[in-house]
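Numbering (full-length UniProt numbering), first residue to last: 75 to 319.
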Ligand code: 4AZ
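#1: Would you say residue 243 touches ligand 1, meaning its beta carbon is less than 7 Å from a heavy atom?
#2: Which residues share a DSSP beta bridge with residue 268?
#3: At a cut-off of 7 Å, is residue 263 close to ligand 1 when judged by its beta-carbon and the heavy atoms of the ligand?
#4: What are the boundary residues of the alpha helix (DSSP H) that residue 185 is part of?
#5: With 16 as the cutoff for other CB atoms within 10 Å, does residue 135 come out buried or exposed?
#6: Is the Cβ-Cβ distance between residue 120 and residue 265 less than 8 Å?
#7: Between the C-alpha atoms of residue 297 and residue 254, what's the straight-line distance to the nearest angstrom?
#8: Can you say whether residue 274 is buried or exposed, counting buried as having 16 or more other CB atoms within 10 angstroms of its CB?
#9: Thinking just about the alpha-carbon of each residue, which of 144, 145, 165, 159 is nearest to the one in residue 342?
#10: Give the straight-line distance between the Cα atoms of residue 185 and residue 91, rounded to the nearest whole angstrom.
#11: Tell me whether residue 188 is buried or exposed, calling it buried when 16 or more other Cβ atoms sit within 10 Å of its Cβ.
#12: Is residue 280 a contact residue of ligand 1, with contact defined as CB to any heavy atom under 7 Å?
Encoded structure:
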């Protein structure tokens, strides 16, 4: 995250840290159910085996009292994911610990809500992005500590304007940035959450997906639009009963 501030995992306890089996940090994610992490499809080009941590405040530090460690039992990448334009950039990880169990709720670990289908927040709504990614576009490494920043939702028409991204922004994406372009997701934040507080609860509206650099004027962060994927999530996790549609 560029700009924003360091945050304890207890403030965003749904944040997951995804590593390769060899311990290289890959991406963020969000715990949506005890056994399921929602993340970005583009995180998984190449790698096959992963370690997922919940309750982690710092990438390079272990706090056994707070952390829970998992392997990935199942990786579900959206069938329509397009690696050339990041359309359908969404994936699910089914996690299990070495005893075969899933996440246990604690002050450092809990699930985030998914917004009901067709929920639309107004343009300008303030949401939070969270991750362990780079603190500036040209930084050498990732942030050592989890960061959080606030961004405003942009309209689709603004984000698709010629000066911004034109038609690279599909209906499965939305943009967030502003008011001053100083706060943005960056390399390493991919897969992590954009959460918005509605009626006192935090909802996962976006998955960090892409952008032209980080915190550049007229180049907002682009997020996978989670509300387009309620049915896909329900079907692939078997979690949520679906009546409509
Ligand atoms: C990346 O490289 C990346 N500014 C993620 C998000 C953004 C840019 C780059 C958004 O993973």
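Glycine is no exception: its CB is placed at the ideal position from the N, C-alpha and C atoms.
This is what the structure holds:
#1: No, ligand 1 has no heavy atom inside 7 Å of this Cβ.
#2: Residue 268 pairs with 203, 280.
#3: Residue 263 has its Cβ nearer than 7 Å to a heavy atom of ligand 1.
#4: Premise fails: residue 185 is in no alpha helix (DSSP H) and is neither H nor E.
#5: Under this definition residue 135 is an exposed residue.
#6: Contact: no.
#7: Computed Cα separation, rounded: 18 Å.
#8: Within 10 angstroms of the beta-carbon of residue 274 lie fewer than 16 other beta-carbons, which makes it exposed.
#9: Because residue 342 is not part of the residues shown, which for the chain are 75 to 319, the question remains open.
#10: Separation of residue 185 and residue 91 (C-alpha to C-alpha, rounded to the nearest whole angstrom) is 14 Å.
#11: Residue 188 should be labelled buried.
#12: Look at residue 280: its beta carbon is at least 7 Å from all of the heavy atoms in ligand 1.
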